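What follows is a short report on a single structure.
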Amino acid sequence: SEASCIGFLRVGFA
Amino acid sequence: ALVRLRGAASAHNAQGRLEGHTAETVAGALDRTPSERVGVRVVSTDATMVVEPHAFDMLGARVPPGEMRLLHRCASERFVRRVFLPLVHHVELIDHILSFLKLPQVTMSEVTAVKASSSAANDRQCSAANTLSADDGTWWLSAPDSCPNGVGAEWVLYRLRPAVGARARFQYVQMKIPKLPYGPLSVRVFHVEVADDESGPFVRVGPDLTTFNTDRMQEWALPTPVECACVRLVLTKNAAAC
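Protein chains in written order, with this note's numbering: chain A, 1 to 14; chain B, 1001 to 1242.
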């Protein structure tokens, strides 16, 4: 279904 | 001053859980409130609020990328020098000993995305490596049906330094997602796991962290600085499921 994945644009560590 | 909000701060904000989010103390708000409460500005949202003392932890000054620091649980450098100098007499030798007790703060240009639990595609728009790109037109999304009803445990694994097994130090995680209605598949709840080997074992550090519905870069602090070679972000719930 349309809501069956997950994600994000960008990550950073500091 | 920089603070790390704790679970107790969440009641102040209906949008989501503030636990782990970083905030800066606000001098004006501090003046207007009883001395035991502190006015803060949440870095992720710019929202200002007043928090009780049990709802935040003080954080040290940010460490510049690449700066060498003694291990988190190690005694201070001054103490190590004072203990070793009468024993070995050579400052150079103490410096050598100290070099084994130091790690560099993470430098983002050295970080690489090693792999992901799955990927919706592996092209210009969608790949784990895109999460290290400043381009907002690229992203990483797990495979279709990897997260039924928006709940799962999908992850992206990062290596902090070019050399295999080399460790770095970090305390902050920053993340950017698209704002609704564009980002129903954006992560809403995630946590951080660390390891010294890409194959694990992975150890969880810190509580569940919650994103806000904003397309700004958001920021959380882990309870203490972490020293490791690999970091895994484990995504457990998307915005649609929330």
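Glycine residues also receive a C-beta, built at the ideal position from the N, C-alpha and C atoms.
Computed from a predicted model, the values in this text were never measured in an experiment.
Item: Exposure label - Glu1092 (chain B); buried when at least 16 CB within 10 Å; Value: exposed
Item: Glu1219 (chain B) burial status per 10 Å Cβ neighbour count (16 or more: buried); Value: buried
Item: Burial state of Ile1177 (chain B) (16 or more Cβ within 10 Å); Value: buried
Item: Inter-residue Cα distance where the pair is Ala1120 (chain B) and Ala1008 (chain B); Value: 37 Å
Item: Buried or exposed by the 16-neighbour rule on C-beta atoms within 10 Å, applied to Lys1237 (chain B); Value: buried
Item: Euclidean distance between Cα positions of Val1194 (chain B) and Arg1017 (chain B); Value: 23 Å
Item: From B:Lys1179, B:Val1088, B:Arg1167 and B:Val1151, residue whose alpha carbon lies closest to that of Tyr1158 (chain B); Value: B:Arg1167
Item: C-beta contact flag for Gly1150 (chain B) and Asp1196 (chain B) at 9 Å; Value: no
Item: Expected contact under 8 Å - CB spacing of Ser4 (chain A) and Pro1148 (chain B) to nearest Å; Value: 6 Å
Item: Ile1177 (chain B): contacting residues in chain A (beta-carbon distance under 9 Å); Value: Gly7, Phe8, Leu9 and Arg10
Item: Buried/exposed call for Arg10 (chain A), threshold 16 Cβ in 10 Å; Value: buried
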